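Using our numbering, you'd call the opening residue of the sequence shown number 530 and step up by one each time.
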Amino acid sequence: MCEPICRAIDAWFKRNADALVRDVCRMIGVRSVREEAVPDMPYGQGPAEALKAASELLSARGFSPVNFENRVVTADLNAQAPVLGILAHLDTVAVGDGWASDPFDAVVRDGKLYGRGAADDKGPAIASLYALAAVREIAPDLTKGCRLILGSAEETGHDDLAHYRKEHEMPPNVFTPDADYPVVNAEKGRFVPTFTANWPESAEMPRVISLTGGATANAVPDHAEAVVEGLPVEQVNTFCSEFTNKTGTVLKAQAQGGAVNIKSDGKAAHAMAPHAGINAQTALLSMLAAMPFAESGGFWHIKKLNELFPHGDTSGSALGIAMSDDISGPLTLNFGVLTMGPDGLTGNFDCRTPMCAAYCNTDTIIAKRLTEAEFNITNLHKAPFHHTPEDSVFVRTLLKVYEDYTGLEGTCLSVGGQTYVHDIDGGVAFGCVFPGVDPRMHGADEFISVDDLILSAKMFTQVIIDMCG
């Protein structure tokens, strides 16, 4: 690292740190949760207002922002073709409950900036904007270009970026400050089959009338319920006690008219790390499969579900697809969705697949096992594995900047989630979450450390200089 450049970067951000924090607070004040489309605002008013606010901040810093149909705003460092892209987003997830302060009225407490979007991704987006401004003053004669790309629908499927990319190429090197440090260069693929089954309704007692589990494939269900008929509530509660001890969930039964309602409570987690949760749905299935119900199509399918997705199996072992490799780690599986009635069911599960996954060791096996259990696959969402080689000049540059500015070891990471660059060749994630920090992304009291935010902006500045010099 060039010491004069480092000192110049430090001095610039010392002068502009307060303004950076002020502008992050301004962006947090825009409620940019996606809503129904309105004329000229494909994601609703909030995301469009966030893009407008970002454009105003860019203009105030001397840039010429371009707005692409209120989906994406871009700004270029100079007139040169961009060899580097910085991709961030200004939309946020919904607020939720449990905040200690107004999530859209940012506040700094004990060196931390709190508000929805502070870490995901408004704080990093504004840090990127300030890095671009710093480079323009510190190194005005760079011979290559950098483009800042700010989107507004990252949280809801990346269709903002897909629309932009129809007519505009991405730079050959792109990082998004929307994940972890040091560098995320490998992102697992995603395989989400939806399956159904039907059978004649049976009146034989005892029987399962209904079962309702999770509502989304990408989260471990923390609650599930079933209604059964023909068994006394005392007997059902005996099973509940046994399987509460076996599964780690809390299972309880209560009489409900002439039937019994069973509730299962577990622990939610993201589907990319299902081992961090306790699946209430699979726990309930394991109990139902062990109970003395009359033979029927419904009970037969419950037992098959329990065989294919046994409680605690987050590796796909029972399904026959467990695998792992050195670059991306193990396959993970989350059985996230299930709705069952007296004559049929619908479910789906979320696999995060490593680099070694292929049609022959995932698709074929899954189709065979589900078909053998008399399930029909009705829909299939699939995203490929993403990898940018660790030995690329771009990744080596990012790792060196990280080591120089933090004194920490720079290593590449593999994640089960999918970042904003998942479909972009040469794309990686670089920050802004430092090791050991939980900024409560998507949760209450989301925050980013002001010092970490400024340090990230300095590193982004150095990366631009190193890649565009």
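Ideal placement from N, C-alpha and C gives every residue a C-beta, glycine not left out. Treat the numbers as computed from the prediction; the structure is a model and nothing was measured.
Kindly list the residues whose CB is nearer than 7 Å to the CB of Asp-552, restricted to its own chain and excluding five residues on each side of it in sequence; keep chain order. Leu-586, Ile-655
For Val-601, collect the residues of the same chain with a Cβ closer than 8 Å to its Cβ; drop the 5 residues on either side in sequence, then sort them by chain order. Leu-580, Ile-678, Leu-679, Gly-680, Ser-681, Asp-689, Leu-690, His-692, Tyr-693
Can you look up Leu-671 in the DSSP assignment and give me helix, strand or coil? coil
Find out if the Cβ-Cβ distance for the pair Met-801, Thr-891 is shorter than 8 Å. no
Inspect the CB distances between the stretch 935-942 and the stretch 890-909 and report whether three or more fall short of 8 Å. no
Any idea if His-804 is buried or exposed, counting beta-carbon neighbours within 10 angstroms, 16 or more meaning buried? exposed
Under 8 Å, do Gly-955 and Val-703 count as touching if we go by C-beta distance? yes
Of the choices Leu-848, Gly-743, Glu-564, whose alpha-carbon is the least far from that of Leu-813? Gly-743
Alpha carbon of Ala-582 to alpha carbon of Gly-573, nearest angstrom: 15 Å
Rounded to whole angstroms, what's the CA-CA distance from Gln-785 to Ala-902? Just pull it up for me. 32 Å
Candidates Asp-605, Asp-631, Val-866, of which the one nearest Asp-751 by Cα: Val-866
Identify every residue that forms a DSSP beta bridge with Tyr-934. Partner(s): none; Tyr-934 has no beta bridge.
Measuring alpha carbon to alpha carbon, tell me which of Ala-753, Glu-578, Met-852 ends up nearest Cys-889. Met-852
Helix, strand or coil at Pro-576 according to DSSP, with G and I counted as helix: helix
Which residue or residues does DSSP assign as beta-bridge partners of Val-595? Thr-603
When you compare only the Cα positions, how much space is there between Ser-588 and Glu-696? 24 Å
Who pairs with Met-570 in a beta bridge, going by DSSP? Val-567
Out of Val-950, Met-884, Lys-833, Met-820, which has the shortest C-alpha to C-alpha gap to Thr-705? Val-950
Reduced DSSP category for Val-957 - H, G, I as helix; E, B as strand; rest coil: strand
State the Cα-Cα distance for the pair Thr-935 and Phe-542, rounded to the nearest angstrom. 16 Å
In the DSSP output, what is Ser-793 paired with across the bridge? Ala-753, Leu-780
Ranges of the alpha helix (DSSP H) found wholly within the stretch 796-860, counting only runs of at least 4: 809-818, 826-837
At least 3 beta-carbon pairs within less than 8 Å: the stretch 863-879 vs the stretch 731-740: yes
Looking at C-alpha atoms only, which residue of Thr-685, Asn-596, Phe-720 is the closest neighbour of Thr-893? Phe-720
For Ala-788 and Cys-769, the rounded distance between their alpha carbons: 16 Å
For the alpha helix (DSSP H) containing Tyr-693, name the first residue and the last one. 688-694
Measuring straight from C-alpha to C-alpha, what distance separates Pro-964 and Tyr-710? 7 Å
If you reduce the DSSP assignment to three classes, tell me which class Thr-705 lands in. strand
How many Å lie between Ile-538 and Asp-952 at the Cα? 32 Å
At 4 residues or longer, what runs of the alpha helix (DSSP H) sit wholly inside the stretch 855-941? 892-901, 922-935
Residue environment, Pro-533, which counts as buried when at least 16 other CB atoms sit within 10 Å: exposed
Beta-ladder partner(s) of Gly-998, from DSSP: Beta-bridge pairing links Gly-998 to no other residue.
Whose C-beta lies closer than 6 Å to the C-beta of Cys-554 among residues of the same chain, with five residues either side of it excluded? Ala-635
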